[in-house]
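The block underneath contains the structure these notes are about, expressed in structure tokens.
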Amino acid sequence: MCGIVGYVGDKQAVPILVEGLKRLEYRGYDSAGIAILENGTLYLDKTVGKIANLETKIRGKKFAATTGIAHTRWATHGIPNDINAHPHMDSNGRLAVVHNGIIENYRGLKRFLEKRGHQFRSDTDTEIISHLIEEYYNGDLVEAVRTAMSQVTGTYGIAVVSLDDPDVIVVARHGSPLVLGMGEGEVFVASDVSAMLGHTKHVVYLEDREIAKVAIDGFEISTIDNVPVSRELEEISWDLDMIEKGGYPHFMLKEIFEQPTTVHNALRGRLNFDEKTARLNGLNLQFDELRHIRRIIITACGTSWHAALIGEYLIEEYARIPVEVEYASEFRYRSPIINDGTILFAISQSGETADTLAALREAKRKGATVLGICNVVGSTIARETDGGVYIHAGPEIGVASTKAFTSQITVLSLISILLARMRYMSADEGGRLIEALSNVPSQIEEILKHDADIKKIAEKYYTADNFLYLGRGLNFPVALEGALKLKEISYIHAEGYPAAEMKHGPIALIDDKMPAVVIAIKDGVYEKVISNIEEIKARSGRVIALATEGDDRISSLVDDVIYMPRCIPFVSPLLNSIPLQLLAYHMAVLRECSVDQPRNLAKSVTVE
Ligand code: G6P
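Take the sequence shown: its position 118, counted from the start at 1, is 135 in this note's numbering, and no numbers get skipped.
Following this line, the structure appears as structure tokens:
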């Protein structure tokens, strides 16, 4: 949510900043801006719209600056327009600030600053930061930032440049990620590593309530209370080609097609065929501690929350441990009951989602062991948990999550086997499940071969205004996720429902204009789902069914069928998710939507 880039070095800053912004565009994309220090002046350009608009605005201008900051915005306070775009300057145009997060007490601070003679130009909360720093500046930029940020409540990742300290960027973090990258004679600043991956893999992450002074020869970190901090550089394992489209028209399609590999990566080294269980050392829990688990809470947002629901079905069914799934945004404001034997899993692709982070901190405060299921290595959630499992899906750039979802389910499947084999599950059953999991990557490859057929189905239905997605049991959350994917990227209204629940409301909506996507694979509820399909057909509804290959009966009943490989129910969410992703993708493309950067959304939501 909002991308920040900064550069201090011996190269021209502008191309590096713009390239960095493009890599971060998935974080927010309603406006963009840049501030550089050039020959004793602070030059600032910003504009509403995507980064391409900013490029057009600065095209043809010659810049020699070697220090600068830049921002791509996802609006919280103030509509997206040129004035509200970052960077924001102080009264005298001597310093500029970019900010990710929300300043909760900005109104009070604004009143205070107005009384002191400051005049504001924008409707943003961010602008108070530049004026506060100006107010407290007394010859030392770091100290001014320190004093300013100690007045602020809320969340922030900021980068500041000033004419009074021309070869320096001062950054500060509380709740919104910031990372510093060390090159040779240059230092990069960004809100995530993808912005600097083309230049360096040696990084250091700032922690909450830390400030850093960044100059050409390195950086000095201290806490907001002025305690010096020393921290080792870490090496990033991601490569540049992992964050490029690799010949696909969209990141989302590339990421859908990566799933045979990403699911394989999530399983790699974790299937113990000898003992017919899973191996998950990162949980950092001893055998006795795992055996002692009496109750599990899983908290997450968005797509990760749907993965959590699948985890609930899997863990309860196979390990027989009670599981509750909570929206992180709700959990953090409840008074959750955490007793002995309760552990909490926080699932987050980015590892930075503000609500999920707050929920896990709340659980920790109440004494729960907190574990993470994250994709981004070194992310805040990964660092703040007692242990966890990385999903190893590689960078996910498309705002609508696809490969991270299936990798999260893969990890939850492994967790359920591990916990089950310590309790009631026989070795035979354990063996059957790990065998099934190991076959998933090749089964996904088979499903992806049907892409052209799924596209044809999309061509038949993409003009519909509403869709219903139905599934039962483990495939109910898959239906929820299918509907979410369609909503997010095609802006078609879609609702997911447990198939049988349809008759308690949504059935009223069914007519020949409202297609239903029904997951009707051969499992324990197959016959029941067929009855639900009959109910839709009896009301002239159109049905697209996901069915098990060889099921000839269903083709005479429904309008379109997508055939799925045979599988045991345990792995069916992993397989059934794939065609639903493709269906949403093709409908969005046909509707000429911005697939990778859907309107109003952001990849990583670091505000409440
Ligand atoms: C945003 C994204 C979703 C994502 C959710 C949770 O809303 O647009 O795709 O599922 O955040 O993100 P996380 O990184 O915590 O999984």
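A virtual CB, placed ideally from N, CA and C, is assigned to each residue, including glycine.
A quick note: this is a predicted structure, and the numbers were derived from the prediction, not measured.
Does the beta carbon of residue 89 fall short of 7 Å from some heavy atom of the ligand G6P?
-> no
How is residue 176 classed by DSSP in three states: helix, strand or coil?
-> strand
With a threshold of 7 Å, establish whether the CB of residue 497 neighbours any heavy atom of the ligand G6P.
-> no
Taking the continuous beta strand (DSSP E) assigned at residue 277, which residues delimit it?
-> Premise fails: residue 277 lies in the alpha helix (DSSP H), 276-284, not in any beta strand (DSSP E).
What residue range is occupied by the uninterrupted alpha helix (DSSP H) comprising residue 45?
-> Counting along the chain, residue 45 falls outside any alpha helix (DSSP H), and DSSP gives it neither H nor E.
Residue 184 versus residue 235: straight-line alpha-carbon distance, rounded | 12 Å
Determine which residues share a DSSP beta bridge with residue 245 and list them.
-> 239
With respect to the beta strand (DSSP E) encompassing residue 117, which residues constitute its N-terminal and C-terminal limits?
-> 112-117
Is there at least one non-hydrogen atom of the ligand G6P closer than 7 Å to the beta-carbon of residue 394?
-> no
May I ask you to list the residues that DSSP assigns as paired with residue 565?
-> 581
With which residues is residue 187 paired in a DSSP beta bridge?
-> 177, 230
Cβ of residue 462 within 8 Å of Cβ of residue 596?
-> no
Does DSSP put residue 335 in a helix, a strand or coil?
-> helix
Are the Cβ atoms of residue 312 and residue 358 separated by less than 8 Å?
-> yes
Give a single yes or no on whether residue 420 has its beta carbon closer than 7 Å to a heavy atom of the ligand G6P.
-> no
Per DSSP, residue 251 forms a beta bridge with which residues?
-> 220
Should residue 191 be labelled buried (16 or more other beta-carbon atoms within 10 Å of its own) or exposed?
-> buried
Excluding the 5 residues preceding and the 5 following residue 226 in the sequence, name in chain order all residues of the same chain whose CB lies nearer than 8 Å to its CB.
-> 190, 191, 240, 241, 242
Cβ contact check for the stretch 364-374 and the stretch 274-293: 3 or more pairs under 8 Å | no
Should residue 135 and residue 108 be called a contact, given that it needs their Cβ atoms to be closer than 8 Å?
-> yes
What three-state label does DSSP hand residue 309 in the structure shown?
-> helix
Take every Cβ of the stretch 146-155, pair it with every Cβ of the stretch 214-234, and state whether three or more of those distances are shorter than 8 Å.
-> no
In the structure shown, what three-state DSSP assignment does residue 596 receive?
-> helix
Residues bridged to residue 591 (per DSSP) = In DSSP, residue 591 forms no bridge with anything.
Using DSSP with H/G/I as helix, E/B as strand and the rest coil, what is residue 1?
-> Outside the shown range of the chain, which is 18 to 625, sits residue 1, and nothing can be said about it.
DSSP-derived helix/strand/coil call for residue 289 | strand
Inter-stretch contact (C-beta, 8 Å, three-pair minimum) for the stretch 80-87 and the stretch 37-51 = yes
Based on Cα-Cα distance, which residue from 223, 69, 501 lies nearest to residue 35?
-> 69
Counted within 10 angstroms of its Cβ, other Cβ atoms place residue 353 as buried (16 or more) or exposed = buried
Could you check where the beta strand (DSSP E) with residue 350 kicks off and where it finishes?
-> Element bounds for residue 350: n/a, residue is neither H nor E.
Is the stretch 500-520 touching the stretch 590-606, taking contact as three or more C-beta pairs under 8 Å?
-> yes
Alpha carbon of residue 91 to alpha carbon of residue 368, nearest angstrom = 18 Å
Span of the beta strand (DSSP E) holding residue 150?
-> Careful: residue 150 lies outside any beta strand (DSSP E), inside the alpha helix (DSSP H) at 144-153.
Quick check: the stretch 474-487 against the stretch 523-539, are there 3 or more CB pairs under 8 Å?
-> yes
For residue 303, count neighbouring C-beta atoms within 10 Å of its own C-beta (all shown protein chains included) and say buried if the count is 16 or more, exposed if not.
-> exposed
Can we count residue 416 as close to the ligand G6P, meaning its CB is less than 7 Å from some heavy atom?
-> yes
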